[in-house]
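Trainee: Quick one: the structure is below, questions incoming.
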Amino acid sequence: MAKALQIPKNQSWRMKHKGENYFDMVYEVVKLIPRGRVTSYGAIANYLGLKSGARMVGYAMNASHANPEVPAHRVVNRNGVLTGKHHFENPDLMQKLLEEEGLTIEKDQILDFEKYFWDPSTHLL
DNA sequence: AGGTTGACGATGG
DNA sequence: CCCATCGCCAACC
Numbered sequence: 000m001a002k003a004l005q006i007p008k009n010q011s012w013r014m015k016h017k018g019e020n021y022f023d024m025v026y027e028v029v030k031l032i033p034r035g036r037v038t039s040y041g042a043i044a045n046y047l048g049l050k051s052g053a054r055m056v057g058y059a060m061n062a063s064h065a066n067p068e069v070p071a072h073r074v075v076n077r078n079g080v081l082t083g084k085h086h087f088e089n090p091d092l093m094q095k096l097l098e099e100e101g102l103t104i105e106k107d108q109i110l111d112f113e114k115y116f117w118d119p120s121t122h123l124l
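Mapping of the first sequence onto numbering that gives the first Met the number 0: residues 0 to 124, in sequence order.
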């Protein structure tokens, strides 16, 4: 079973882990998002302590096509909007994947977003 | 080696 | 409320 990133509490979060870049750190967190739940770029950035991080997370997800193991469809923006849909093979694939996990999407927006929102800072340690 | 280009989000005018 | 700015990584010319 996957476990949360081991984050040294007394060290700067801005430091790269040995040989591990920010992108990889983001992927580790995304892999921990449960099926049927979603989180936001900002929430991941906040968990990782990246100061200007939401953007970093966006960059990371942009490159995540190389990692099939990363459930990229479970990451949306802070308003529950599927901003990354155009980066999937089919623009409708992201919505389809989320609907298969029980979510309802209307106009690229997740209904009851708060209900499905999964905050790594709350659920991981 | 340097410029361009992105799945974001807080802030301030 | 809408719009501009800023933060500052990595892949690809």
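Beta carbons: idealized from backbone N, C-alpha and C, even for Gly.
Quantities reported herein were computed from a predicted structural model and do not represent experimental measurements.
Report buried or exposed for ARG54, applying the criterion of at least 16 other Cβ atoms within 10 angstroms of its Cβ.
Mentor: Burial call: exposed.
Trainee: Short of 6 Å in beta carbon distance, which residues of its chain neighbour LEU96, apart from the five on each side in sequence? Order them along the chain.
Mentor: For LEU96, where only same-chain residues beyond five positions count, the Cβ hits under 6 Å are HIS72.
Trainee: Just mark LYS8 as buried or exposed, buried being the case when its beta carbon has 16 or more other beta carbons within 10 Å.
Mentor: Model confidence at LYS8 stands at a pLDDT of 37, short of 50, so the residue's coordinates are unreliable; what they give is reported in the following sentence. When all chains shown are included, LYS8 counts as exposed.
Trainee: Just to confirm the assignment, what range does the alpha helix (DSSP H) spanning LEU96 have?
Mentor: 92 to 99 is the span of the alpha helix (DSSP H), which, as asked, contains LEU96.
Trainee: Can you tell me whether ILE43 is helix, strand or coil according to DSSP?
Mentor: Helix at ILE43.
Trainee: Provide the residue span of the alpha helix (DSSP H) that contains ARG73, from first to last.
Mentor: Element bounds for ARG73: n/a, residue is neither H nor E.
Trainee: Only counting the same chain, and skipping five residues up and downstream in sequence, which positions put a Cβ closer than 8 Å to that of PHE87?
Mentor: Cβ neighbours of PHE87 beyond the five flanking positions: ALA71, HIS72 and MET93.
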